[in-house]
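If you're matching them up, the sequences are chains A and B in order. Take the first sequence: its position 437, counted from the start at 1, is 437 in our numbering, and no numbers get skipped. Take the second sequence: its position 205, counted from the start at 1, is 205 in our numbering, and no numbers get skipped. This report refers to the structure that appears directly beneath it.
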Amino acid sequence: MLSLDALPLAASASNLLAAREQMAFTLGFHIVLSCLGVALPATILLANYIGLKRGDGDALELARRWSKAMAVTFAVGAVTGTVLSFEFGLLWPEFMDRFGAAFGVAFAIEGIFFFLEAIFLAIYIYGWKRLSGWAHFWSGVPMVVTGIGGAFSVVAANAWMNQPQGFTLDAAGKVVDVEPLKVLFNPATGYEVPHMILAAYMVVGFLVASIYAVGMLKGRRDRLHRLGLLIPLTIGLVATPIQLFVGDTAARAVADHQPAKFAGMECIQETGSHQTEYVGGVCTSDGVKGAIPIPDLDSFLVGFSADTKVVGLADIPVDERPPANTLLHLAFDAMVGIGTALLLLGVWFAWVWWKKRDIPRTPWFLRAVAVSGAASILALWCGWIVTEVGRQPWIVQGYMRTSEAVTEADGIWFSFGLVLLVYAALGTIAIKVLRGMSRRWREGAADPNGTPYAPPEGSR
Amino acid sequence: MSKADVAAGILWVGATFYALFGGADFGGGFWDLIAGDAAKGERPRALIQRSLTPVWEANHVWLIFILVVLWTAFPPAFSAVFTTLYVPIALAALGIVLRGAGFAFRKSIEGLSARRAAGATFALSSVLTPFFMGATVGAIASGNVPAGGNGDAFSSWLEPLPLLTGAMFVATGAYLSAVFLVGDARRAGEADLERYFVRRALAAAAVAGVAAAIGLVELHAEARYVFDRLVDQGLPLVILSTLCGLALLSILLRPMGRNVGPDSTYRPIGRVFLRPLAAGAVVAVIWGWGVAQFPYLLPTSLRIDQAAAPDPTLVTVFVVFAAAAVLVLPSLALLYSLSQRDLIGE
Numbered sequence: 001m002l003s004l005d006a007l008p009l010a011a012s013a014s015n016l017l018a019a020r021e022q023m024a025f026t027l028g029f030h031i032v033l034s035c036l037g038v039a040l041p042a043t044i045l046l047a048n049y050i051g052l053k054r055g056d057g058d059a060l061e062l063a064r065r066w067s068k069a070m071a072v073t074f075a076v077g078a079v080t081g082t083v084l085s086f087e088f089g090l091l092w093p094e095f096m097d098r099f100g101a102a103f104g105v106a107f108a109i110e111g112i113f114f115f116l117e118a119i120f121l122a123i124y125i126y127g128w129k130r131l132s133g134w135a136h137f138w139s140g141v142p143m144v145v146t147g148i149g150g151a152f153s154v155v156a157a158n159a160w161m162n163q164p165q166g167f168t169l170d171a172a173g174k175v176v177d178v179e180p181l182k183v184l185f186n187p188a189t190g191y192e193v194p195h196m197i198l199a200a201y202m203v204v205g206f207l208v209a210s211i212y213a214v215g216m217l218k219g220r221r222d223r224l225h226r227l228g229l230l231i232p233l234t235i236g237l238v239a240t241p242i243q244l245f246v247g248d249t250a251a252r253a254v255a256d257h258q259p260a261k262f263a264g265m266e267c268i269q270e271t272g273s274h275q276t277e278y279v280g281g282v283c284t285s286d287g288v289k290g291a292i293p294i295p296d297l298d299s300f301l302v303g304f305s306a307d308t309k310v311v312g313l314a315d316i317p318v319d320e321r322p323p324a325n326t327l328l329h330l331a332f333d334a335m336v337g338i339g340t341a342l343l344l345l346g347v348w349f350a351w352v353w354w355k356k357r358d359i360p361r362t363p364w365f366l367r368a369v370a371v372s373g374a375a376s377i378l379a380l381w382c383g384w385i386v387t388e389v390g391r392q393p394w395i396v397q398g399y400m401r402t403s404e405a406v407t408e409a410d411g412i413w414f415s416f417g418l419v420l421l422v423y424a425a426l427g428t429i430a431i432k433v434l435r436g437m438s439r440r441w442r443e444g445a446a447d448p449n450g451t452p453y454a455p456p457e458g459s460r
Numbered sequence: 001m002s003k004a005d006v007a008a009g010i011l012w013v014g015a016t017f018y019a020l021f022g023g024a025d026f027g028g029g030f031w032d033l034i035a036g037d038a039a040k041g042e043r044p045r046a047l048i049q050r051s052l053t054p055v056w057e058a059n060h061v062w063l064i065f066i067l068v069v070l071w072t073a074f075p076p077a078f079s080a081v082f083t084t085l086y087v088p089i090a091l092a093a094l095g096i097v098l099r100g101a102g103f104a105f106r107k108s109i110e111g112l113s114a115r116r117a118a119g120a121t122f123a124l125s126s127v128l129t130p131f132f133m134g135a136t137v138g139a140i141a142s143g144n145v146p147a148g149g150n151g152d153a154f155s156s157w158l159e160p161l162p163l164l165t166g167a168m169f170v171a172t173g174a175y176l177s178a179v180f181l182v183g184d185a186r187r188a189g190e191a192d193l194e195r196y197f198v199r200r201a202l203a204a205a206a207v208a209g210v211a212a213a214i215g216l217v218e219l220h221a222e223a224r225y226v227f228d229r230l231v232d233q234g235l236p237l238v239i240l241s242t243l244c245g246l247a248l249l250s251i252l253l254r255p256m257g258r259n260v261g262p263d264s265t266y267r268p269i270g271r272v273f274l275r276p277l278a279a280g281a282v283v284a285v286i287w288g289w290g291v292a293q294f295p296y297l298l299p300t301s302l303r304i305d306q307a308a309a310p311d312p313t314l315v316t317v318f319v320v321f322a323a324a325a326v327l328v329l330p331s332l333a334l335l336y337s338l339s340q341r342d343l344i345g346e
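Structure, rendered in structure tokens:
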């Protein structure tokens with residue numbers, strides 16, 4: 001007979017899966033929009049600056065258009081970000097109850113940055129008509145600073161979940177003392193924060209450039225398209241080599257601080273030196289199948305010597321191993337692979353630009369740029385899979401398991417289903433709206449921004 | 001006054017700003033919803049849209065501020081509220097998504113039917129969101145959230161007082177919005193719209209007043225602790241709110257004349273006091289509620305001092321609040337002033 005005691009346990013196991021899926025989905029959706037919030041302002045202001053400094057009407061037109069698009073993406077990002085705040089309480093109330101006093105500090109600071117960003121974004125987006133050129137430009141500068149500050153605070157909170165410190169627990173596990181600076185500047189902040197900010201600049205740079213690359217492939221070779229490709233592509237390509245350096249540092253720090261996560265993402269089974277680096281493949285407890293093995297490289301990457309000892313999963317207690325090792329491993333490889341490909345794209349572009357002061361003439365270059373936007377978003381998602389799935393089963397590394405944090409509320413599967421439906425509609429309509437804007441600009445048609453839904457002119 | 005009390009005060013300041021500005025934005029959606037068919041509702045909707053467009057996202061951030069202060073300074077209270085009232089809270093979150101997205105898409109989507117669908121989504125969710133927020137607040141004030149959380153998911157808020165509080169939230173937002181829009185219509189020189197929103201402000205004030213009166217009776221029945229303090233320590237604030245409301249009514253009921261407009265020299269006496277009076281009435285109610293449930297965060301199961309985070313965390317919240325006062329408030333003032341002088345807009 002089924003014991004009654006087992007029921008709540010079963011319910012919470014089911015809740016755990018539903019809550020993790022919903023969190024992953026809503027975060028994955030929001031993170032693309034938050035990249036736009038972090039890095040699009042700088043991209044727009046660069047075009048704005050070029051336009052004002054050189055009297056370049058095309059650059060100003062690009063800045064104006066991108067800011068109109070940002071009005072839409074920021075609105076969607078503001079509400080999907082709010083959903084995440086609600087989810088902290090709706091999905092992970094025990095986590096907030098026990099640790100809100102510690103890691104909430106980072107979010108309190110984020111609140112200020114988000115406030116200022118929303119204010120100056122509104123002034124900038126709606127200031128095109130009546131503010132003077134340079135006053136308008138400067139009204140946009142706070143967006144860049146607050147975007148970076150906001151990213152710092154939010155990612156510092158996530159870094160704290162990976163490397164918690166700066167708090168004291170009493171015998172009952174309650175937080176009784178907090179050192180806010182230690183919370184903010186935990187060991188993972190130093191690499192997670194720049195890694196994410198650079199990722200945002202890469203996503204925005206390659207995403208915006210890819211839109212103009214598609215246009216150029218369709219034969220739209222005007223100056224507007226050329227500039228619309230060059231400005232964001234430059235930003236993305238400058239961020240890429242720095243990102244590879246930061247990412248490499250991050251991976252070494254993870255090997256040091258979170259050996260279980262590192263073993264999972266590199267599919268390392270047995271602890272030892274001379275670890276093989278596996279590219280691709282499927283993780284099994286007998287090792288990696290179907291991968292390209294590179295002897296000693298993994299040890300070398302971790303400690304600059306093949307003799308470096310790396311911890312394997314066999315030495316991690318079974319109930320502390322991250323799940324889904326193949327997913328982790330492939331996500332990590334995909335992220336690194338895409339980053340490397342984008343670096344090569346930059347080398348190609350820089351070489352041709354140096355020689356000819358022009359973008360490479362072959363359509364293959366435009367095709368590569370055209371897929372770079374989607375590729376950089378994929379890399380972004382893969383990076384977060386590595387960070388978040390790799391930290392499991394912990395929500396606060398070493399202190400609290402995700403299963404202890406989850407809500408006992410009913411209906412999480414239902415709410416996840418609803419979220420899927422609403423977000424699918426949200427994403428579809430947002431893309432439709434942005435494509436409509438782009439088409440109207442191309443055709444020189446006016447935006448329908450008069451009255452909300454007045455009857456068509458002819459009918460009156 | 002302890003550090004925890006100061007932190008609770010900061011929470012209330014956030015709630016005050018959100019009620020005033022976020023509340024008015026929800027109210028705009030309410031008037032949009034009942035503005036009638038496309039031809040009849042065209043001009044009021046256009047005015048509402050012009051007023052909301054540059055400011056609603058900044059106003060929305062006060063909600064984030066409230067959530068962050070609550071979970072940082074009072075983590076057990078945040079957890080108790082969210083594990084008990086997750087149904088109205090989740091519905092409010094859904095409403096926030098639909099409202100923001102509907103508003104943003106309505107302006108830029110093509111096709112009349114698509115714009116109508118987006119507009120209807122915006123308007124309807126502008127009513128449902130404050131209703132569920134009000135039901136949440138009403139349930140807390142009723143003492144239906146146990147300190148340990150996981151209270152009953154439905155009976156905790158499906159009671160007269162929480163539902164009435166939800167209705168009061170909707171009516172108050174509508175009232176604030178109508179009063180703000182009277183000023184916006186005057187500035188735009190649209191005298192008929194000014195009259196239009198004066199009528200609506202009066203109607204909303206009447207509904208909010210009636211809801212508040214029934215609310216007092218229900219408060220007496222369902223939340224005796226809060227009621228007793230409201231009519232004792234909170235009495236000055238209740239009187240202040242009533243006086244503000246009456247003064248506002250007396251101004252709105254004055255005849256307007258027909259020659260109101262930007263070029264007219266005619267100005268009805270007292271119109272400049274409309275916004276401060278409307279705000280004053282609402283602020284007094286919010287602080288009256290705070291005084292009434294003091295020293296409890298969750299009457300009568302969790303006191304402010306029991307729920308408070310360790311001191312260094314509270315001090316961080318103070319520092320952040322000070323930074324907000326120095327950086328955010330002047331920036332908000334700049335945004336509102338640019339918006340009111342029509343220096344920003346589409």
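No residue lacks a Cβ here, since even glycine has one placed at the ideal position from N, Cα and C.
Taking the alpha carbon of leucine 52/A as the reference point, which residue from Lys289/A, Trp128/A, Gly390/A, Gly166/A has its own alpha carbon closest?
For the residues Lys289/A, Trp128/A, Gly390/A, Gly166/A, the minimum Cα distance to leucine 52/A belongs to Trp128/A.
For glycine 436/A and leucine 47/B, I'd like the C-alpha separation in whole angstroms.
When rounded, the distance between both Cα atoms is 25 Å.
Roughly how many angstroms lie between the CA atoms of glutamine 397/A and tryptophan 441/A, to the nearest whole one?
Cα to Cα, the separation comes out at about 49 Å.
When you compare only the Cα positions, how much space is there between alanine 15/B and leucine 91/A?
Taking the straight line from one Cα to the other gives about 23 Å.
Could you check the C-alpha separation between threonine 402/A and alanine 120/B for me, to the nearest Å?
Whole-angstrom Cα-Cα distance: 39 Å.
Beta-carbon within less than 6 Å of tryptophan 287/B's beta-carbon, same chain only, minus the 5 sequence neighbours each way: which residues are those?
If we look at tryptophan 287/B and ignore the five residues flanking it on each side, its Cβ neighbours are Leu237.
Could you tell me which of Leu302/B, Ser241/B, Ala174/B sits nearest to phenylalanine 78/B, measuring between CA atoms?
Residue Leu302/B is the option with its Cα nearest to phenylalanine 78/B.
Using the beta-carbon of each residue, which ones in chain B are nearer than 9 Å to threonine 26/A?
Under the 9 Å cutoff, chain B gives no residues; its nearest Cβ is about 10 Å from threonine 26/A.
Taking the alpha-carbon positions, what's the proline 162/B to glutamine 233/B distance?
Roughly 22 Å between the two C-alpha positions.
Could you please give the first and the last residue of the uninterrupted alpha helix (DSSP H) stretch that includes tyrosine 278/A?
Counting along the chain, tyrosine 278/A falls outside any alpha helix (DSSP H), though it belongs to the beta strand (DSSP E) covering 277 to 279.
Under a three-way DSSP split, which group does arginine 130/A fall into?
Coil, per DSSP.
So which residues on chain A does tyrosine 18/B lean against when the C-beta distance must stay under 8 Å?
The contacting residues do not exist; tyrosine 18/B stays about 12 Å from chain A at best.
With 8 Å as the C-beta to C-beta threshold (strictly closer), list the residues of the stretch 90 to 101 of chain A near chain B in chain order.
The stretch 90 to 101 of chain A vs chain B, Cβ under 8 Å: Leu90, Pro93, Glu94, Met96, Asp97, Arg98, Phe99, Gly100, Ala101.
So which residues of chain A does glycine 345/B contact, with C-beta pairs closer than 8 Å?
Going along chain A in sequence order, the residues near glycine 345/B (Cβ under 8 Å) are Tyr126, Lys129, Arg130.
What are the complete alpha helix (DSSP H) segments, minimum 4 residues, inside the stretch 2 to 69 of chain A?
Complete alpha helix (DSSP H) runs here, min 4: 6 to 54.
Quick check: the stretch 110 to 127 of chain A against the stretch 181 to 188 of chain A, are there 3 or more CB pairs under 8 Å?
Flag = no, the stretch 110 to 127 of chain A and the stretch 181 to 188 of chain A do not touch.
Is the beta carbon of arginine 275/B closer than 9 Å to that of isoleucine 179/B?
One point to set straight first is that residue 179/B is valine, not isoleucine, in the sequence displayed. Yes, these two residues count as a Cβ contact at 9 Å.
Taking proline 393/A as the reference, which of Thr387/A, Glu320/A, His30/A, Leu345/A has the closest Cα?
Minimum Cα distance to proline 393/A is reached at Glu320/A.
Out of curiosity, what's the CA-to-CA distance linking leucine 181/B and alanine 139/B?
Roughly 31 Å separates the two Cα atoms.
Going straight from the alpha carbon of leucine 344/A to that of glutamate 388/A, what length do you get?
Each residue's Cα considered, the two are about 28 Å apart.
For the candidate residues Leu67/B, Val145/B, Cys244/B, whose alpha-carbon lies nearest to that of alanine 80/B?
Of the candidates Leu67/B, Val145/B, Cys244/B, the one whose C-alpha sits nearest the C-alpha of alanine 80/B is Val145/B.
Pull up the distance between the alpha-carbon of arginine 341/B and that of glutamate 194/B, whole angstroms please.
About 18 Å.
For threonine 165/B versus glycine 143/B, is the C-beta spacing smaller than 9 Å?
No.
What residues in the stretch 74 to 86 of chain A have a beta carbon less than 9 Å from any beta carbon of chain B?
Per Cβ criterion, the list reads Phe74, Ala75, Val76, Ala78, Val79, Thr80, Gly81, Thr82, Val83, Ser85, Phe86.
Go to leucine 163/B, then tell me how far its alpha helix (DSSP H) extends in each direction, as first and last residue.
That run of the alpha helix (DSSP H) goes 160 to 187.
List, in order along the chain, the chain B residues whose C-beta lies closer than 8 Å to that of aspartate 410/A?
Correct list: Ala153.
How close, in whole Å, do the beta carbons of phenylalanine 30/B and valine 170/B come, if the pair is a contact with beta carbons under 8 Å?
Phenylalanine 30/B to valine 170/B, Cβ: 6 Å. Contact.
Using only alpha-carbon positions, find the residue among Val369/A, Asn15/A, Gly444/A that is nearest to isoleucine 211/A.
Residue Val369/A is the option with its Cα nearest to isoleucine 211/A.
Return the CA-CA distance between serine 177/B and glycine 22/B, expressed in angstroms with no decimal places.
Taking the straight line joining both Cα atoms gives about 10 Å.
So who's on the other strand from valine 61/B, going by DSSP bridges?
Valine 61/B pairs with nothing; no bridge assigned.
Quick check: the Cα distance between tryptophan 56/B and glycine 345/B, rounded to an integer number of angstroms?
If you take the alpha carbons of tryptophan 56/B and glycine 345/B, they lie about 13 Å apart.
Starting from valine 175/A and walking both ways along the alpha helix (DSSP H), at which residues does that stretch end?
Not the alpha helix (DSSP H): valine 175/A falls in the beta strand (DSSP E), residues 175 to 178.
So, does the stretch 296 to 303 of chain A touch the stretch 354 to 370 of chain A, judging by three or more C-beta pairs under 8 Å?
Flag = no, the stretch 296 to 303 of chain A and the stretch 354 to 370 of chain A do not touch.
Taking the C-alpha atoms as reference points, what is the distance between proline 142/A and leucine 334/B?
Those two C-alpha atoms are separated by around 13 Å.
Looking at the structure shown, is methionine 161/A part of a helix, part of a strand, or coil, going by DSSP?
Of the three classes helix, strand and coil, the one that applies to methionine 161/A here is helix, per DSSP.
Helix, strand or coil: which one does DSSP assign to cysteine 244/B?
Correct three-state label for cysteine 244/B: helix.
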